[in-house]
Amino acid sequence: MKKRLRSPKPCCRETIAADRDAMWCGSCGQPTVRCMGFSECGGLVGADGQCSVCVEPHLIIVPGATMHAPVGGSVALPFELMNGASSDRPIFITGLWSREKGDWREERLSWEELGQGERSPASVIAREIDKPGLHEIEIMFAVATRYKQREERFAFSSRILLTVQGEGSQAGPTIQISSENEMNGNVIQIHDNTSGDGSGSGKVIEAIDLNVSRLDLEEQRLGLRGMESGLRVRRSALFEFSGFPAEDHVPDGQPIMTPDGLLAFGRERARETGGGSDVRLLAVNADGSLDRELSLTISRRHFDVFIENDCLCLRVRGRNKLLVNGETLKMEERIVLDDGDRIMPLIDHPSMLVITVAFRREHNRVSTVHFYREPASEGTGQ
Amino acid sequence: MESNALVLSDPNVLAEYARESQFKTFFEKRFAAPPDLAALLFRDGALINAYKGTQFTVGGLWENIKGVIGGSHHYAIMLADLKPFQVKFPIRAISKDKVEIAGVATLELQLDPDNPGNILGLMRGISRQNPDEDSGEPSNVGRKALSVYDVQQRLEPQFEDRIFEHVIGRHNADEIRGNRGMQDQIQADMMTEAERIAGDIGLMVRNGSITFAMNDAERQEFEKARIEREQAAMDHQLELLKREVERQTESTEVKIQSNTDVAKLQRASEDELKHMVLESEVSFVDAREAAARRQEAEALEHQIVILGKERAAKFAMALEDEDHGFDVAKAKERTRAFTRDTELLETKHNIELNKLRTAAGIETKEAVSLSDIKIDDAQVSSKQNQTERWNEIANKNLEKLTDDELRKKDAESNRKIAEGRAEADARVAQMAAAAGMSAEQIGAITSSFSPEAAQAAIAQAQARAASGEKMTAIIRELTAESREHEHRMLETGMKGASGVAAGAGGKGKPAESGDAAGSATKVECTQCGKVLGAKDKFCTACGHRMRT
């Protein structure tokens with residue numbers, strides 16, 4: 001029984017560092033599932049699809065920020081977002097939200113791209129500091145990492161606790177960031193500087209790198225990840241094949257472990273034998289013999305199947321088009337595959353080769369993706 | 001010193017020269033020009049400058065002395081009104097539908113306060129000659145001041161045909177009033193024309209507006225509407241009158257009728273009144289009796305009708321009962337006959353059915369038994385075929401395995417035989433070679449097989465060469481070296497064994513690793529054959545668990 005993918009451990013990274021072609025970790029036995037940009041970053045992804053080499057955003061409260069606000073007013077909280085990735089790959093900040101309580105409030109963001117080690121300024125406004133005491137501001141931002149035509153989106157958040165002291169002063173309190181990582185969030189103390197206790201100038205002395213954490217539920221609510229039906233196809237999903245000759249597809253019961261993180265379906269031979277396909281598609285006659293003429297209408301690389309943003313996606317790569325549930329898809333068009341979808345690569349003879357997608361679920365997660373080929377083929381010896 | 005204000009002589013005057021007589025004085029005098037007037041100072045006919053809200057001083061002893069010595073200059077001051085003013089133009093034009101349109105256009109203008117000197121362009125025909133000092137009569141040469149009317153006369157010819165006729169001629173008379181588009185066009189054209197004509201001679205155009213008088217078409221519409229309103233009012237009055245007359249007619253009729261009845265009663269005598277009462281009583285009694293009789297007759301008629309209907313119904317029912325009994329008897333008779341026929345037919349049918357069942361039962365049994373036999377045969381043959389195929393495959397596999405094993409065993413035994421044979425041959429060759437040798441020669445040959453034997457041979461040689469004591473010491477030394485060598489061999493073997501044990505147990509390398517331990521750091525995956533590190537728990541190629 002082989003181990004399922006959880007999240008890459010240091011031993012997995014050591015295995016990949018020692019042997020770049022390793023498919024399994026020699027120490028813990030986990031599959032080494034590669035990032036879509038593995039050729040650039042050399043990183044591994046876990047079941048959640050996040051590559052720790054490419055995606056490591058930081059939220060930093062800038063030094064020198066002074067924030068004054070009366071109780072009942074609003075507080076502007078300036079900060080910087082930084083790309084702390086160890087590889088030279090950019091990330092894209094595609095959205096910024098904040099909330100004190102209730103619904104998210106979208107904030108203005110006038111830039112998007114962050115290169116390795118770059119940081120850009122942003123700010124949110126807390127509007128509901130109407131009483132002294134402890135207030136929480138939650139900042140959420142959407143991060144995208146892109147490689148060629150693929151994109152993975154994630155949502156991260158950080159919680160900042162504001163302590164407002166003193167209400168009677170007319171000049172209002174000074175909000176000062178004075179400590180970090182206290183309790184379960186980051187604490188910003190707000191002192192009443194008019195009381196003459198000299199408790200601070202209200203300026204941040206050092207940049208504070210706040211903790212950020214993934215918000216998988218918000219990712220689904222915002223439509224960043226997951227399918228419309230609520231299902232999530234994680235990178236740990238296993239792939240099985242029925243009706244295909246054994247030598248024409250990648251081994252059953254494994255996640256997508258190819259170097260580019262996708263399964264290539266097409267007429268070409270398998271990668272192990274020098275070709276470029278992971279699943280070979282050939283048209284066969286009723287007697288099981290190869291239909292050479294019809295097989296030529298299947299492109300060498302007809303379509304790719306991959307997992308992106310917790311969705312099972314199909315992208316047409318060949319010029320010969322294909323049908324998915326009767327809908328024609330042209331080259332470079334893509335679609336999200338769902339349970340029961342029927343892929344017909346032979347557009348003029350759709351019934352000659354039908355691949356049906358079936359999901360096996362565990363709660364709202366798809367544990368196994370099964371491809372059924374109709375009519376089944378036992379191999380043509382080609 | 002008191003200042004004298006310089007003012008214009010008339011509100012309609014825009015600009016005029018100040019009287020020179022004012023400035024002829026021996027003593028010094030001071031004049032003030034208010035800020036809403038521009039004072040243009042001329043010396044010897046040339047414009048010096050224009051001033052707003054400034055003071056001038058003239059005369060004085062020193063000035064007179066300077067004049068006597070150096071000669072005097074001629075000074076003149078022109079005053080110009082800088083406040084906005086309005087100029088009105090009459091509008092006369094013919095509309096598209098040939099109706100005369102009249103109105104007033106108003107243009108609001110102002111002398112340019114920044115460049116009041118430009119007003120000199122408007123001053124054509126204005127004379128600087130002052131009224132006669134002696135008589136006070138005005139000079140007869142030219143005009144004395146620039147007035148609003150002069151500006152009006154200068155602009156008016158440009159507006160009439162070029163603007164008013166041109167624009168108004170494109171609209172019907174009834175479309176002109178309230179037509180903002182047309183008004184905007186006229187206003188813009190007026191301002192453009194005025195700016196073009198007088199812009200560079202000191203006039204600024206501030207605004208323009210137009211007001212139209214009522215034209216014939218509008219007047220007719222107005223009159224028509226007025227007449228219609230009057231007619232509507234008269235109709236309304238007529239309606240009111242009609243309703244009044246109707247009300248009066250109705251009330252008159254009632255009044256006349258009641259008056260007639262009253263007059264009739266008044267005229268009747270007492271006997272006539274009694275007769276009238278008696279008549280009315282008699283007629284009342286007659287009417288009551290007639291009503292009672294009619295009611296009795298109606299009740300009788302009703303009873304007759306009911307009795308007739310009852311009797312007819314009873315007769316019909318009796319008739320139906322008779323018919324029903326007859327029909328029932330006939331039906332029973334038919335039913336009995338039908339029952340008999342049915343029983344007969346059923347009996348025949350049962351007989352036929354039994355016959356058929358018997359025949360069909362025999363055929364079915366035969367078919368079933370035949371079919372069972374065939375199925376059994378097919379199953380048996382299928383199983384036989386399958387078993388044969390399996391046996392064939394198993395035999396092939398077995399044969400293949402057996403052949404492989406046999407081949408392996410043959411190869412191994414052949415290799416062992418060859419090795420043994422080679423060893424035996426070597427021994428035989430050695431023995432054959434040693435057959436003719438002396439003991440020393442044999443010892444020398446033997447020493448080439450083993451370093452220890454060689455050492456022993458050397459020691460023997462040395463021992464032979466040395467004395468007895470030396471020989472004894474050398475032999476003791478060699479014995480000690482031999483023991484030390486044995487210890488080293490044992491230690492090396494133990495280290496190798498502990499290294500293998502450490503690798504098998506998943507621990508790190510032993511503290512002291514020798515060459516023998518280094519050779520055990522690689523293992524081969526039993527499933528895919530990939531060479532892996534000895535401490536790997538899983539195969540990195542196929543994920544196979546290497547050890548627990």
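Line by line, the protein sequences are chains Y and F.
Letter 255 of the first sequence, counting from 1, is numbered 255 in full-length UniProt numbering, and no numbers are missing.
Letter 103 of the second sequence, counting from 1, is numbered 103 in full-length UniProt numbering, and no numbers are missing.
C-beta: ideal position from N, C-alpha, C; glycine also.
- Message: If I follow the unbroken alpha helix (DSSP H) through Lys255/F, where does it start and stop?
- Response: Annotation for Lys255/F: the continuous alpha helix (DSSP H) segment containing it runs Asp216 to Arg267.
- What are the boundary residues of the beta strand (DSSP E) that includes Val148/F? Val148/F: not part of any beta strand (DSSP E); member of the alpha helix (DSSP H) spanning Val148 to Phe159, first to last residue.
- Query: Taking the Cβ atom as the reference point for each residue, do Ala217/F and Asp174/F lie within a distance shorter than 7 Å?
  - Reply: Closer than 7 Å, so yes.
- Task: Output the distance between the C-alpha atoms of Arg334/Y and Arg20/Y, rounded to the nearest integer angstrom.
- Result: Taken atom to atom, the span from the alpha-carbon of Arg334/Y to that of Arg20/Y is near 30 Å.
- Task: Assign His544/F to one of three DSSP states: helix, strand, or coil.
- Result: Residue state, collapsed to three classes: coil.
- Message: Let's test the definition: count the other Cβ atoms within 10 Å of the Cβ of residue 549/F and tell me whether it reaches 16, buried, or not, exposed.
- Response: This structure does not reach residue 549/F, given that chain F is present from 1 up to 548, and the question cannot be answered.
- Query: Nearest chain Y C-beta to Ser498/F closer than 7 Å, yes or no?
  - Reply: Summary for Ser498/F: the model assigns pLDDT 48, below 50, so the residue's position carries little reliability, and this model does not support an answer.
- Could you check where the beta strand (DSSP E) with Cys11/Y kicks off and where it finishes? Careful: Cys11/Y lies outside any beta strand (DSSP E), inside the alpha helix (DSSP H) at Pro10 to Ala18.
- Query: When you check each C-beta in the segment 348-372 of chain F against every C-beta of chain B, which residues fall closer than 9 Å?
  - Reply: Any reference to chain B falls outside this structure, whose protein chains are Y and F.
- Item | CB contact below 7 Å: Phe538/F versus chain Y | Yes, its Cβ sits closer than 7 Å to a Cβ of chain Y.
- Throw me the rounded Cβ distance for the Val107/F and Gly208/F pair, which I believe falls under 8 Å. Looking at the sequence shown, residue 107/F is not Val but Leu. Right, their Cβ atoms sit about 5 Å apart.
- Query: What residue range is occupied by the uninterrupted alpha helix (DSSP H) comprising Met182/F?
  - Reply: Per DSSP, Met182/F belongs to the alpha helix (DSSP H) from Arg180 to Ala198.
- Item | Chain-ordered chain Y contacts of Arg180/F [CB-CB under 7 Å] | Near Arg180/F there are no residues of chain Y at all, since even the closest Cβ is about 43 Å away, more than 7 Å.
- Message: Spatial neighbours of Asn215/F within its chain, please: C-beta separation below 8 Å, excluding the five flanking residues on both sides.
- Response: Excluding residues up to 5 positions away in sequence, Ser95, Val99, Glu100, Ile101, Ala102, Ala173 and Ile176 lie with their Cβ nearer than 8 Å to the Cβ of Asn215/F in the same chain.
- Message: On the DSSP letters alone, give me the boundaries of the beta strand (DSSP E) that Leu107/F sits inside.
- Response: For Leu107/F, the enclosing beta strand (DSSP E) covers residues Glu100 to Leu111.
- Item | Inter-residue spacing [alpha-carbon to alpha-carbon] between Met182/F and Met190/F | Met190/F has its alpha-carbon roughly 12 Å from the corresponding atom of Met182/F.
- Taking DSSP as the reference, what is the three-state secondary structure of Asp252/Y? In the structure shown, Asp252/Y adopts coil according to DSSP, grouped into three states.
- Query: What do you reckon, are the CB atoms on Ser229/Y and Gly266/Y nearer than 7 Å?
  - Reply: No, the pair does not count as a contact, with Cβ atoms beyond the cut-off.
- Message: Less than 6 Å separating the Cβ of Ser377/Y from some heavy atom of the ligand MG?
- Response: The model on display carries no ligand, and the ligand MG is accordingly not part of it.
- Task: Using alpha carbons as the reference points, say which of Ala312/F, Pro84/F and Lys52/F lies closest to Gln11/F.
- Result: Note that residue 11/F corresponds to Pro in the displayed sequence, not to Gln. With distances taken between Cα atoms, Pro11/F lies closest to Pro84/F.
- Query: Should Gly103/F be flagged as near chain Y, meaning a C-beta pair shorter than 7 Å?
  - Reply: At least 7 Å separates the CB of Gly103/F from every CB of chain Y.
- Answer with yes or no whether the minimum CB distance from Gly529/F to chain Y is below 7 Å. Chain Y contact via Cβ: absent.
- Query: Hey, would you say Gly29/Y sits closer than 7 Å to Lys3/Y, going by beta carbons?
  - Reply: Taking 7 Å as the Cβ cut-off, Gly29/Y and Lys3/Y qualify as a contacting pair.
- Message: Within the continuous beta strand (DSSP E) that includes Phe38/Y, where are the two ends?
- Response: For Phe38/Y, there is no enclosing beta strand (DSSP E); the residue is found in the alpha helix (DSSP H) stretching over Phe38 to Cys41.
- Item | Residue(s) in a DSSP beta bridge with Ile69/F | DSSP lists no bridge partner for Ile69/F.
- Message: Counting only Cβ pairs nearer than 9 Å, list the residues of chain F close to Trp24/Y.
- Response: Within 9 Å Cβ-Cβ: Phe538, Cys539, Thr540, Ala541, Cys542, Gly543 and His544.
- Query: Who are the neighbours of Gly253/Y on chain F, taking C-beta pairs under 8 Å?
  - Reply: None at all; the shortest Cβ gap to chain F is about 10 Å.
- So, are the CB atoms of Ala17/Y and Cys54/Y less than 7 Å apart? It is not a contact, given that the beta carbons lie outside the stated cut-off.
- N-terminal and C-terminal residue of the beta strand (DSSP E) that Leu37/F is part of: Leu37/F -> beta strand (DSSP E) spans Leu37 to Arg43.
- Task: Out of Gly275/Y, Leu282/Y, Val75/Y and Asp304/Y, point me to the one whose CA is closest to Leu296/Y's CA.
- Result: Ranked by Cα distance from Leu296/Y, the first of Gly275/Y, Leu282/Y, Val75/Y and Asp304/Y is Leu282/Y.
- Closest by CA to Val62/Y, which one among Glu378/Y, Glu80/Y, Leu134/Y and Phe92/Y? Nearest option by C-alpha distance: Glu80/Y.
- Message: Less than 7 Å between the C-beta atoms of Val531/F and Lys522/F, yes or no?
- Response: Cβ atoms of Val531/F and Lys522/F: closer than 7 Å.
- Do the segment 29-48 of chain F and the segment 76-93 of chain F touch if we need at least three Cβ pairs shorter than 8 Å? Yes: the two stretches touch, three or more of their Cβ pairs being nearer than 8 Å.
- Compare the C-beta of Gly46/Y against all C-beta atoms of chain F and say whether one is closer than 7 Å. Between Gly46/Y and chain F, the shortest Cβ-Cβ separation is not below 7 Å.
- Task: Go through its chain and collect everything with a Cβ distance to Glu106/Y's Cβ below 8 Å, but skip five positions before and after it.
- Result: Gly95, Leu96 and Trp97, listed in sequence order.
- Item | Delimiting residues of the beta strand (DSSP E) encompassing Leu203/F | Leu203 to Phe212 is the extent of the beta strand (DSSP E) around Leu203/F.
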